[in-house]
Amino acid sequence: MGGTLRGGARRVRAQPHRGRAHRPEPPAPAAGTVRARAALSGPVDPADLVHGIDDGEAARLLDRLAPQFDKVYLDERWSWTLRSEPRREVLSGLAATGRLGAALADAGAVPTDEPGRLLRRIAAGTPVPPDTPAVTAVQALAWAAPLGGRSGDLAEARRRASVQQIADGYSGLLRHGFFGRDGVLARLGAFAGAPVDPSQPVPVLVVTGIGGTGKSTTLAAFLRPYLARQADADPTAPAIVVIDFDRQRFRVDAELELSFEVTRQLGTAHPVAGADFAALRYQARQERHDTGFEVWGPVVTSESSGRDAASFEDDARLLVDMHGLGTRPVLLVLDTFEEWQRDRPYPRIPRAQPWNDPESRVLAWIARLRHLLGLGGLRVVVSGRAELSARERIEVRAVEHLGDLAPPTRRPCSGRTASPRRTPARSPGWSAATR
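Per the UniProt record's numbering, the sequence shown starts with residue 1, numbered consecutively.
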């Protein structure tokens, strides 16, 4: 039966409509069994969904139910995953009618992936193990959402996955360890932990050097313990906000996107505030939609875009004050800053005007994070190939020029730490810049 069904699955993929009008509807109980098995699984081999069912009827079932699945053909095997709406319908029905236990017992024989197995444990009432990878937990809990009672667990898993996504983006740089730069790391740590006077300009530490000197690798080693504390929602740790201009593309005339990202990461550092910030971002996006920004956005002036960002930051200050984030140390890290510096809102116009100089604009935005958003404990690390020039309300406290490592330190690194530029971590199902 296995070979026949796998061949049938191929035909379903290649010719989804052939003969459908001439085939009778499969018996409802059999279709319900197959859908329940799929709803309590992740990706599965379609032949496993119809085990124990007569071959002829099984082929008709797969043909009829195929539109309810996402399908992948890899290594000469089909993998089917039930789509969200059918899964929600099936799981809600099983929970409402008391048939969940029997369906779990039946689905247990169907091989699936790790999130699918965790889904079954959740459906059986077992807590998610604390050492479960965050992305796995997010997927399983999202699938299990129609069963109810786990919305808080899902929000926490998404928060941890968001922090892990940042850490994973740097993990390739540290795969073989980190050597040297002890003095730079010590000074970065002292800067991150030093008290900040909110009545003074925002302190900035610049890490600069030519390409290949290890600026991002040094930041990766510096940030690793802070991100681990943020994943655990340590309230005594600085709130870390990392924006890497090489991994996330922000328009140089749309600082509102940067402010969205800052509040999103503040919500991961301070989970109680996460939902409030998300609601405010949704409200801001809805207002832009209602005013036709999506239609006219490409021709909106830079001045108008800056006003939108300032308005959002002013509104967000209420939440910053309400959740006590105004006095918490906040470390903003801007990596690969040269990617931002090289662009201009209007490329044919010189940088002479501040509104057309991306560096001036982002420094003004940093100042607003202190004075409008209300982040009194804000301090900033900027990493890039070019130094920053002084600006009002911004104070460059130190510049770390990274050159070549001395030979005794360089030798163990040669050929071992030459990992490729980090690649973006796979997002667990939501947009980082807009949530």
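All residues carry an ideal CB built from backbone N, CA and C; glycine is no exception.
Taken through DSSP and simplified to helix, strand or coil, T126 comes out as coil. Assignment of V207 by DSSP, reduced to helix, strand and coil, places it in the strand class. At the C-beta level, V138 and A167 stay beyond 8 Å of one another. With a cut-off of 8 Å on Cβ pairs, the stretch 239-247 is in contact with the stretch 318-335, counting three or more such pairs.
At the C-beta level, D244 and D335 come within 8 Å of one another. It is roughly 8 Å from the alpha-carbon of L61 to the alpha-carbon of A30. When the five nearest sequence neighbours on each side are left out, the beta carbons in the same chain lying within less than 6 Å of the beta carbon of T263 are those of F277, A316, in order along the chain. Under DSSP, the beta-bridge partners assigned to R379 are L331. The stretch 48-68 makes no contact with the stretch 88-95, as fewer than three CB pairs between them are under 8 Å. The C-alpha of A228 is placed about 19 Å away from the C-alpha of E261. Sequence-distant partners of E255 (beyond 5 residues in either direction) whose C-beta falls short of 6 Å from its own C-beta, in its chain, are A309, W365. Between L173 and F222, the beta carbon gap of about 12 Å keeps them out of contact (Cβ cut-off 8 Å). Fully enclosed alpha helix (DSSP H) runs of no fewer than 4 residues occupy 182-193 of the stretch 166-228, in order along the chain. If you look at S259, you'll find it in the alpha helix (DSSP H) that goes 255-269. According to the DSSP assignment, H401 belongs to the beta strand (DSSP E) that extends over 394-401. The three-state secondary structure of T81, taken from DSSP, is strand.
Rounded to whole angstroms, P201 and V382 show a C-alpha spacing of 16 Å. A check of alpha carbon separations from P130 across R160, R117, E76 identifies R160 as the nearest. S360 and H323 have their alpha carbons spaced roughly 30 Å apart. Shortest Cα-Cα distance from R150 to any of L119, E395, Q165 involves L119.
The Cβ-Cβ distance between V184 and E400 falls below 8 Å. Listed as beta-bridge partners of D244 by DSSP are D335.
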